[in-house]
Each structure stands twice: as structure tokens, then as C-alpha cells.
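Asker: Positions 9 to 58 (the working numbering) are the ones given, in order, by the sequence shown.
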Amino acid sequence: MSTSSKLKGKVKETVGRAVGNKRLEAEGRTEQTKASLKQAGRNIMDVLKR
């Protein structure tokens, strides 16, 4: 899930930058950050389960 969210965010960021839409660009960066944080949380949970 987080990989698709990261990709979706990257696409939004790139399109936003290409068309000069700062809001879309920021939304894309936000989605990427949320996906990264989710993945980090999963990694922490995996380590704690060991």
C-alpha cells in the first residue's frame, strides 16, 4: 500500500510542478511523507515483534 501511495504522491508532485500548481505539488509531497511514515511504523512494529 505505501509503495502505491508514494508513487501516487510523486505523480501529483510532478504534475503540480509541471503545471505550476503549488497546492497539488504540496499535496503530492504530503502523500509521500505519509506513506514513508506508515512504512517506518510497520518496520518498527516488525522489529518489536522479534
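Where is the CB? At the ideal position from N, CA and C, for every residue including glycine.
Everything numeric in this text was worked out from a predicted model, so none of it was measured.
1) Of all the options S12, R37 and K14, which has the alpha carbon lying nearest to the alpha carbon of G24?
2) Are the beta-carbon atoms of S10 and A43 separated by less than 8 Å?
3) Quick one: what does DSSP say G28 is sitting in, helix, strand or coil?
4) Mark G17 as exposed unless 16 or more other C-beta atoms lie within 10 angstroms of its C-beta, in which case mark it buried.
Answerer: Taking the definition as stated:
1) Per the C-alpha coordinates, the member of S12, R37 and K14 positioned closest to G24 is R37.
2) Between S10 and A43, the CB-CB gap stays under 8 Å.
3) G28: coil per DSSP, three-state reduction.
4) A buried status is given to G17, since no fewer than 16 other beta-carbon atoms sit within 10 Å of its beta-carbon.
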